[in-house]
Amino acid sequence: MLEMLIYMKRKVMDMKKLQRTLCKAIAFVFLLSNLLVSIPAVEIVFAADKPEKEVKDIKIKYEDREKTEVIVKYKAGKLKDDVKNRVKQSLKLEKMDNKKRYSRFNIDIMEIGKTDDMNKVINMLKSDPDVEYVQPNYKLEIQALPTDTRFNEQWGLLNTGQEVEGHTGRTGVDINAVNAWNTTKGSASVVVGILDTGIDIDHKDLKNSIFVNTGEIPGNGIDDDNNGYIDDVNGWDFVNADNTVYDSASLDLHGTHVAGIIAAGANNEGISGVAPNVKLLPLKFINGNWGYTCDAIDAIEYAMNMGVKIINCSFGGTDNNFALKDTMVNSGILYVCSAGNRGADVSVSPVYPACFNIPNVLSVASIDSMGVISPYSSYGNKIHVAAPGINILSTTPGNTYDYSSGTSVSAPFVTGAAALLKSYAPSLNYEQLSARIKANAVPCTNLQGKVSSGGRVDAYAALTNTKPPADTYTGPG
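Take the sequence shown: its position 411, counting from 1, is numbered 410 in numbering that gives the first Met the number 0, and each next residue is one higher.
And the structure:
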């Protein structure tokens, strides 16, 4: 009987893997804001920007035309099969099959035939009165930018004007972590999701910070907690549909670096994270360079079921991904998002999900160690706060450390601050966490007009709910 149960469970997972494979057939380019500075930058070419207000005006880019999947959001109470049958019969499609249904979000992933015209399908679905919106199953792409023993190099936590990687900083331009730690270093009851590549969970500075699912018995091949994922002891790999959340240094570098900024252990090893006592849940939806909207949605739904209340999103791009937005807004989770590395005002060059106009997104620009907005950082009135983002030392695979720059490393500082605040005041919801962080940012003359709060994040001020003194520096970076 036990053998039969194991067999059946494995068959279910085989079907999940098949489903994930079928799901990954479509194009939308997201920019995962950065990796390590030592890696050459990769230039990504995007279609024309589409401001958020143009919800119904979806056009298929050239590189999407040969793809075969669309995401359809239905209006409440409408019959999904009726919509599918109308389109299939009217356009005489080779096929129109439902490959994945997200009942919680009223969303379907539909696959059409290789000879079917994607533009005609999209346009007909857009005009259907039972459809709220339709979009490609966008592909997500990573872009590379480049008493713990190395704590003195972590200027984002404590800036004494020290020189890091040839750049001298300005005393006090940090997130005020040391004072915050006198109040809390975080709680193990707070679990932060890392929606990213995988994480090296055996890194000496991370291994004690990784979430452990006590409802699973490791390695027995059984879904002990009946959540649909077998042996998900430390999170899940939504790319490969397995529990191996770390595959290799080349594939899982970015998530490992992000994880260290948030919660590397204060253990006399290497570095310390902003919130060293919280736990990290790997939500791997990017494998090296590519990820997909459907994987991100699966990861968010999984995080919801695991009780996660904060997720770090160090990725972004110029296409307004309505399905991702829909999933995020209905999740009850705070998403801390990197502003993007376009070096422009987001009112002209919007970056998503940072620019999603929803209450549970907190978006973060990058500043240097002088407190000046980084030259590559996106900025504008939809970006909320700034945080350190140049020459940031963190964990890298294989018990190593390296520097990184970009808004990808700015967001984790704010995620860490949010995790400290959630640990200190567990009853705060995502709106209250976001409001406290924005309201208690350090007012900075240099950041007026660059971020809506006009300031950089201050973890201690957020904890104590007190507005810190203004920083009137107007010099160069």
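Every residue gets a Cβ at the ideal spot worked out from N, C-alpha and C, and that includes glycine.
- Message: Let me check one thing: in DSSP terms, what residues is Pro135 bridge-paired to?
- Response: Start at 1 with the first residue of the sequence shown, and residue 135 comes out as number 136. DSSP, once it has assigned bridges, lists Val69 as partnering Pro135.
- Query: On the three-state DSSP scale, how would you describe Glu152?
  - Reply: Numbered from 1 along the sequence shown, position 153 holds the residue referred to as residue 152. The answer is helix: DSSP assigns Glu152 an H, G or I state.
- Can you grab the Cα-Cα spacing for the pair Ile436 / Asn286, in whole Å? The count along the sequence shown starts at 1 and reaches residue 436 at position 437. The count along the sequence shown starts at 1 and reaches residue 286 at position 287. Spanning the two alpha carbons is a distance of roughly 32 Å.
- Ends of the alpha helix (DSSP H) at Pro411? As a working mapping, residue 411 is identified with position 412 in the sequence shown. Counting along the chain, the alpha helix (DSSP H) containing Pro411 begins and ends at Thr406 to Tyr423.
- Message: Quick check on the DSSP output: the beta strand (DSSP E) that includes Cys443 runs from which residue to which?
- Response: Stepping through the sequence shown from its first residue, residue 443 is reached at position 444. Here Cys443 belongs to no beta strand (DSSP E), and DSSP marks it neither H nor E.
- Message: Here's the rule: buried if 16 or more other CB atoms are within 10 angstroms of the residue's CB, otherwise exposed. What is Val190?
- Response: Here the question's residue 190 lines up with position 191 in the sequence shown. Burial call: buried.
- Item | The alpha helix (DSSP H) enclosing Gly259, as first and last residue numbers | For the purposes of this step, residue 259 is taken as residue 260 along the sequence shown, with counting starting at 1. Leu252 to Ala262 is the extent of the alpha helix (DSSP H) around Gly259.
- Report yes if the CB atom of Pro479 is closer than 8 Å to the CB atom of Gly454, and no otherwise. Coverage of the chain is limited to positions 0 through 476, which leaves residue 479 absent and any answer about it impossible.
- Item | DSSP-derived helix/strand/coil call for Val191 | The residue labelled residue 191 in the question sits at position 192 within the sequence shown. Of the three classes helix, strand and coil, the one that applies to Val191 here is strand, per DSSP.
- Message: Under 8 Å: do the region 420–432 and the region 195–212 share three or more Cβ pairs, one atom per stretch?
- Response: no
- Item | Within 8 Å, strictly: CB atoms of Leu333 and Gly192 | By one-based count along the sequence shown, residue 333 stands at place 334. By one-based count along the sequence shown, residue 192 stands at place 193. Not a contact, by the Cβ cut-off of 8 Å.
- Message: Quick check on Tyr378: does DSSP put it in helix, strand or coil?
- Response: For the purposes of this step, residue 378 is taken as the residue at position 379 of the sequence shown. In this structure, Tyr378 counts as strand in the three-state DSSP scheme.
- Identified DSSP bridge partners for Trp180: As a first step, residue 180 is located in the sequence shown; it is residue number 181 there, counting from the start. DSSP, once it has assigned bridges, lists no residue as partnering Trp180.
- Query: Helix, strand or coil for Ala240 per DSSP?
  - Reply: As a working note, residue 240 is residue 241 in the sequence shown. Ala240 falls in the coil class under three-state DSSP.
- Query: Taking buried to mean at least 16 other C-beta atoms within 10 Å of its own C-beta, is Val335 buried or exposed?
  - Reply: Residue mapping note: residue 335 aligns to position 336 of the sequence shown, counting from 1. Classification of Val335: buried, given that the 10 Å Cβ count is 16 or more.
- What three-state label does DSSP hand Val120 in the structure shown? Numbered from its first residue, the sequence shown carries residue 120 at position 121. Reduced to three states, the DSSP call for Val120 is helix.
- Query: Based on Cα-Cα distance, which residue from His166, Asp401, Asn398 and Ser409 lies nearest to Val384?
  - Reply: Counted from its first residue, the sequence shown places residue 384 at position 385. If we check each option's Cα against that of Val384, Ser409 comes out closest.
- Query: So, are the CB atoms of Ser377 and Asn340 less than 8 Å apart?
  - Reply: Along the sequence shown, one-based indexing puts residue 377 at 378. Along the sequence shown, one-based indexing puts residue 340 at 341. Cβ atoms of Ser377 and Asn340: closer than 8 Å.
- Output the boundary residues of the alpha helix (DSSP H) element that contains Lys79. By one-based count along the sequence shown, residue 79 stands at place 80. Here the alpha helix (DSSP H) through Lys79 covers Lys79 to Leu90.
- Message: Using CA atoms only, rank isn't needed, just tell me which of Lys125, Gly76 and Lys119 is closest to Ser477.
- Response: Because the chain here runs from 0 to 476, residue 477 falls outside it and cannot be looked at.
- Task: Identify every residue that forms a DSSP beta bridge with Thr395.
- Result: Residue numbering aside, residue 395 sits at position 396 when the sequence shown is read from its first letter. Paired residue(s): Thr399.
- Item | Buried or exposed by the 16-neighbour rule on C-beta atoms within 10 Å, applied to Pro411 | Counting from 1 along the sequence shown, the entry for residue 411 is found at position 412. Flag for Pro411 reads buried.
- Exposed unless 16 or more other CB atoms sit within 10 angstroms - verdict on Ala461: Start at 1 with the first residue of the sequence shown, and residue 461 comes out as number 462. So Ala461 counts as buried.
- Query: By how many angstroms is the C-alpha of Asp173 removed from the C-alpha of Pro387?
  - Reply: Against the sequence shown, residue 387 aligns to sequence position 388. Against the sequence shown, residue 173 aligns to sequence position 174. Their backbone Cα atoms lie some 7 Å apart in a straight line.
- In whole angstroms, what separates the C-alpha of Val277 from that of Ala258? As a position in the sequence shown, residue 277 is number 278, starting the count at 1. As a position in the sequence shown, residue 258 is number 259, starting the count at 1. Cα to Cα, the separation comes out at about 11 Å.
- Hey, out of Tyr459, Gly220 and Val86, whose CA is closest to Asn439's CA? Your numbering for residue 439 matches position 440 in the sequence shown. Residue Tyr459 is the option with its Cα nearest to Asn439.
- Option in Ala434, Ala179, Gly155 and Asn207 with minimal Cα separation from Leu361: Translated into positions along the sequence shown, residue 361 becomes position 362. Closest by alpha carbon: Ala434.
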